[in-house]
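Everything on this sheet refers to the single structure shown next.
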Amino acid sequence: MALVNPDFVNEVKRTEEFNASACMNCGVCSAVCPMGLELLPRKLFRYVLLGLEDKVLANTETIYSCLLCKMCEANCPAQVHIAENVRFLRYYINKKVFKL
Amino acid sequence: MPLPTGDTIGILADNLRIRHSVLPISAKSATRWARGLNIPKGARTVLYTGMMYQLIPYIAAMGKAQEGIEDSFLVNFIKLGRQVNKVINVSGFMALPSKSMQESYNRILVNIARLLQQAGVQFGYLYEEELYSGALIYDLGVDDVLKAHARKVYDVFKKYGVQNVITVDPHTTNMLRSVYPKLIDGYDLQVQSYLEVLVERGIEPRSRLDLEVVMHDSCVYARYENVLNEQRTLLKNAGVAIKEPADSGKFTLCCGGPAESLYPKKAKERARQRVEQIKQAGAAAGAVTMCPICYVNLQKAARGEVQLEDISNLLTQAYCM
Ligand code: SF4
Ligand code: SF4
Chain R
1 MALVNPDFVN EVKRTEEFNA SACMNCGVCS AVCPMGLELL PRKLFRYVLL GLEDKVLANT
61 ETIYSCLLCK MCEANCPAQV HIAENVRFLR YYINKKVFKL
Chain S
1 MPLPTGDTIG ILADNLRIRH SVLPISAKSA TRWARGLNIP KGARTVLYTG MMYQLIPYIA
61 AMGKAQEGIE DSFLVNFIKL GRQVNKVINV SGFMALPSKS MQESYNRILV NIARLLQQAG
121 VQFGYLYEEE LYSGALIYDL GVDDVLKAHA RKVYDVFKKY GVQNVITVDP HTTNMLRSVY
181 PKLIDGYDLQ VQSYLEVLVE RGIEPRSRLD LEVVMHDSCV YARYENVLNE QRTLLKNAGV
241 AIKEPADSGK FTLCCGGPAE SLYPKKAKER ARQRVEQIKQ AGAAAGAVTM CPICYVNLQK
301 AARGEVQLED ISNLLTQAYC M
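Residue numbers (the UniProt record's numbering), protein chains in the order written: chain R, 1 to 100; chain S, 1 to 321.
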């Protein structure tokens, strides 16, 4: 069973720029991603919104593999700040896991 | 050996915090390109290299030393460990870059300075006081270290009364134009890439280059900074026919370079995919890049199948000779 951390989204979201909830799960981002990041952003952002911290942390490699190239964003119909959201996740992991 | 992500990021961030650069290089190597160009120190408008073109040959040298193990240049640092790095500057153990590679990267900066001079722009340079922008640390999400560093960079500009900054690569342009204003209260520098400055100044070609090239747009210029027309205008005005790869312009395909510091293998695969697109658009034509990361990454992946050049080489031939 996954542990739920109800504060997770607030810990990740440092500013209003983190707009994961705008995602409508259409899958365009994954289809165009040059890295073939199937999880990013939709599933991972969903995990954040649901407070599933363990699931996010289990996907650290995916989070750091993103090129921040914004190919996904240029095609996203909901103007999700995907690259910036990924950086938010990195900041969180850097602090919480890597103690940086 | 896969790179331990946390340690790698830690070392890079420590370097920026303690030594003001991710991989510190000597002031002599960083400023060598400007020798003999008579660029004044400081000035209201400065050419800011952001050190990216100077750093790449060092990074490539580290990569080369690692080729057998198929791992990134950072493995050297990781082996020595983050704790050691805090006390001893492990970059002292860095492999030395090849002279010819250093010369060709320095040549790009010379080109850019000459183009600006040709366009009648009065500008200075900060020489050994210039600092790296921190772009990699921003990408890795170490925002607190970045914020403190950005302040230092800004203070140097302020010390010299700088108002306008001309940048030479997309990542530095993005940092100074779009990221720093969010980190520094009252930030008031005007930032333009040299490509934008040249177009704004209406630089006129002196010779026509009757050739074709494939355009590899940088994703940061295209999707973060909206620099898409300038490179085309400058080449077209010089008689260059531009060929576009399958993914181009606003939808350009990333060269994969940003994955290099943590996942070099993935970076290589992405670069290879882009090289294939470039080949299909016209391998005989050769291709131009406008970012040192694209340049080094694509060149490695091209294995000599496509001729790659920094756009400033062509622009210098057309506008300065
Ligand atoms: S393209 Fe945008 S809206 Fe669609 S799944 Fe991706 S982030 Fe969500
Ligand atoms: S920014 Fe990241 S998730 Fe989006 S397309 Fe590029 S590599 Fe894929």
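Built from N, CA and C at the ideal position, the CB exists for glycine as well.
7 angstroms Cβ cutoff met for Val165/S and Val46/S: Translated into the one-based positions of the second sequence, residue 165/S becomes position 165. Translated into the one-based positions of the second sequence, residue 46/S becomes position 46. Against a cut-off of 7 angstroms, the Cβ pair of Val46/S and Val165/S comes out as a contact.
7 angstroms CB neighbourhood of Pro6/R in its chain, flanking five on each side removed: Reading the first sequence from its first residue, position 6 is the one you call residue 6/R. Taken in chain order, the residues that qualify are Gly51.
Inter-residue Cα distance where the pair is Arg274/S and Leu298/S: On the second sequence, residue 274/S is found 274 positions in, with the first residue counted as 1. On the second sequence, residue 298/S is found 298 positions in, with the first residue counted as 1. For Arg274/S and Leu298/S, the distance between alpha carbons rounds to 8 angstroms.
Contacts that Ala259/S makes with chain R (C-beta to C-beta distance below 7 angstroms): On the second sequence, position 259 is the one that residue 259/S refers to. Ordered by position in chain R, the residues that pass the 7 angstroms Cβ test against Ala259/S are Ser65, Leu67.
Tyr221/S versus Glu73/R - alpha carbon distance: Looking up residue 221/S in the second sequence gives position 221. Looking up residue 73/R in the first sequence gives position 73. Each residue's Cα considered, the two are about 14 angstroms apart.
Alpha-carbon spacing of Ser133/S relative to Ile203/S, whole angstroms: On the second sequence, position 133 is the one that residue 133/S refers to. On the second sequence, position 203 is the one that residue 203/S refers to. Ile203/S has its alpha-carbon roughly 28 angstroms from the corresponding atom of Ser133/S.
In DSSP terms, what Glu212/S is bridged to: Stepping through the second sequence from its first residue, residue 212/S is reached at position 212. Looking at the DSSP output, Glu212/S shares a beta bridge with Ala241/S.
Lys243/S to Arg303/S span [Cα, whole Å]: By one-based count along the second sequence, residue 243/S stands at place 243. By one-based count along the second sequence, residue 303/S stands at place 303. Rounded to the nearest angstrom, the two C-alpha atoms are 21 angstroms apart.
Residues of the region 68-93 of chain R with Cβ closer than 9 angstroms to any Cβ of chain S, in chain order: Listed by position along the chain: Leu68, Cys69, Lys70, Met71, Glu73, Ala74, Asn75, Ala83, Val86, Arg87, Phe88, Leu89, Arg90, Tyr91, Tyr92, Ile93.
Contact list for the UniProt domain "4Fe-4S ferredoxin-type" (14-43) of chain R against chain S, Cβ threshold 8 angstroms: The residues in question are Pro34, Met35.
Residue nearest to Ala246/S in terms of C-alpha spacing, selected from Cys254/S, Gly239/S, Thr172/S: Counted from its first residue, the second sequence places residue 246/S at position 246. Ranking Cys254/S, Gly239/S, Thr172/S by Cα distance to Ala246/S puts Cys254/S first.
Assumed close pair Glu230/S, Val199/S - CB separation to whole angstroms, cut-off 8 angstroms: Numbered from 1 along the second sequence, position 230 holds the residue referred to as residue 230/S. Numbered from 1 along the second sequence, position 199 holds the residue referred to as residue 199/S. Glu230/S to Val199/S, Cβ: 5 angstroms. Contact.
Ser312/S - containing beta strand (DSSP E), residue span: Stepping through the second sequence from its first residue, residue 312/S is reached at position 312. Annotation for Ser312/S: no beta strand (DSSP E) segment contains it, though the alpha helix (DSSP H) segment containing it runs 311-319.
Unbroken stretches of the alpha helix (DSSP H), 4 residues or longer, contained in the region 28-65 of chain R: For the region 28-65 of chain R, the continuous alpha helix (DSSP H) assignments of 4+ residues that do not extend past its boundaries occur at 28-32, 42-50, 53-57, 60-65, in sequence order.
Beta-carbon separation (whole angstroms), Tyr180/S vs Ala135/S, contact threshold 8 angstroms: Against the second sequence, residue 180/S aligns to sequence position 180. Against the second sequence, residue 135/S aligns to sequence position 135. Between Ala135/S and Tyr180/S the Cβ distance is about 11 angstroms, and since that is not below 8 angstroms, they are no contact.
Sequence-distant residues of the same chain with beta carbon closer than 6 angstroms to Glu67/S, five excluded per side: Reading the second sequence from its first residue, position 67 is the one you call residue 67/S. The predicted model places Glu67/S with a pLDDT of 48, which falls under 50 and marks its position as unreliable; any figure quoted below should be read in that light. Excluding residues within five positions, none has a Cβ falling inside 6 angstroms.
Cys29/R beta carbon near ligand 1 (any heavy atom closer than 6 angstroms): Counting from one through the first sequence, the residue named residue 29/R turns up at place 29. Yes, ligand 1 has a heavy atom inside 6 angstroms of this Cβ.
Option nearest Leu68/R by Cα separation, candidates Arg42/R, Arg87/R, Thr15/R, Asn75/R: Position 68 of the first sequence, counted from the first residue, corresponds to residue 68/R. Of the listed residues, the one whose Cα sits closest to Leu68/R is Arg87/R.
Pro41/R beta carbon near ligand 1 (any heavy atom closer than 6 angstroms): Position 41 of the first sequence, counting from 1, holds the residue named residue 41/R. Result yes, Cβ under 6 angstroms from ligand 1.
Proximity below 7 angstroms, CB of His81/R to CB of Asn19/R: Within the first sequence, the letter at position 81 stands for residue 81/R. Within the first sequence, the letter at position 19 stands for residue 19/R. Yes; because the gap between Cβ atoms is below 7 angstroms, this pair is in contact.
Cβ pair count under 8 angstroms reaching 3, the region 44-62 of chain S against the region 160-176 of chain S: By the C-beta criterion, the region 44-62 of chain S is judged to be in contact with the region 160-176 of chain S, since at least 3 inter-stretch pairs fall below 8 angstroms.
Span of the alpha helix (DSSP H) around Thr173/S: By 1-based counting over the second sequence, the position of residue 173/S is 173. Here the alpha helix (DSSP H) through Thr173/S covers 170-174.
Straight-line Cα distance separating Ile11/S from residue 329/S: As displayed, chain S neither begins before 1 nor continues past 321, which places residue 329/S out of reach and without an answer.
Closest by C-alpha distance to Leu234/S, when choosing among Gln277/S, Ala271/S, Cys219/S, Glu196/S: Within the second sequence, residue 234/S is the residue found at index 234, counting from 1. Among Gln277/S, Ala271/S, Cys219/S, Glu196/S, the Cα nearest to that of Leu234/S is on Glu196/S.
Buried versus exposed call for Lys41/S [16 or more other C-beta atoms within 10 Å across all chains shown]: Taking the first residue of the second sequence as 1, we reach residue 41/S at position 41. It is exposed - the Cβ of Lys41/S has fewer than 16 other Cβ atoms within 10 Å.
Residue-level contact to chain R via CB, Cys254/S, 7 angstroms cutoff: One-based indexing of the second sequence puts residue 254/S at position 254. Answer yes: the Cβ-Cβ gap between Cys254/S and chain R drops below 7 angstroms somewhere.
Complete beta strand (DSSP E) runs within the region 249-299 of chain S (minimum length 3 residues, chain order): Qualifying beta strand (DSSP E) stretches, in chain order: 287-289.
Chain S residues whose Cβ lies nearer than 8 angstroms to that of Thr60/R: If you number the first sequence from 1, residue 60/R lands on position 60. Going along chain S in sequence order, the residues near Thr60/R (Cβ under 8 angstroms) are Thr5.
Burial state of Thr316/S (16 or more Cβ within 10 Å): Position 316 of the second sequence, counted from the start, is the residue given in the question as residue 316/S. Residue environment analysis places Thr316/S among the buried positions, since at least 16 neighbouring C-beta atoms fall within 10 angstroms of its C-beta.
Between the CA atoms of Leu308/S and Pro292/S - distance to the nearest angstrom: For the purposes of this step, residue 292/S is taken as residue 292 along the second sequence, with counting starting at 1. For the purposes of this step, residue 308/S is taken as residue 308 along the second sequence, with counting starting at 1. Within the model, the alpha-carbon separation for Pro292/S versus Leu308/S is close to 12 angstroms.
Local Cβ density within 10 Å of Met24/R, reported as buried at 16 or more and exposed below that: Taking the first sequence and counting its residues from 1, the one referred to as residue 24/R is at position 24. Around the C-beta of Met24/R, fewer than 16 other C-beta atoms lie within 10 Å, and the residue is accordingly described as exposed.
Residues that Ile166/S bridges to, as DSSP identifies them: Taking the second sequence and counting its residues from 1, one reaches residue 166/S at position 166. DSSP lists Leu47/S, Gln192/S as partners of Ile166/S.
Residue from Gln190/S, Gly186/S, Asp185/S, Ile184/S with nearest C-alpha to Arg177/S: Against the second sequence, residue 177/S aligns to sequence position 177. The shortest Cα separation from Arg177/S among Gln190/S, Gly186/S, Asp185/S, Ile184/S belongs to Gln190/S.
Test: residue 105/R CB closer than 7 angstroms to a CB of chain S: Any property of residue 105/R remains undetermined from this structure, which presents chain R solely from 1 to 100.
Assigned exposure category for Lys28/S - 16 Cβ within 10 Å defines buried: Residue 28/S sits at position 28 when you count from the first residue of the second sequence. The residue in question, Lys28/S, is exposed, as its Cβ has fewer than 16 Cβ neighbours within 10 Å.
Contacting positions in the region 220-234 of chain S - beta carbon closer than 9 angstroms to chain R: With the criterion set as a beta carbon lying under 9 angstroms from some beta carbon of chain R, the members of the region 220-234 of chain S are Val220, Ala222, Arg223, Tyr224, in sequence order.
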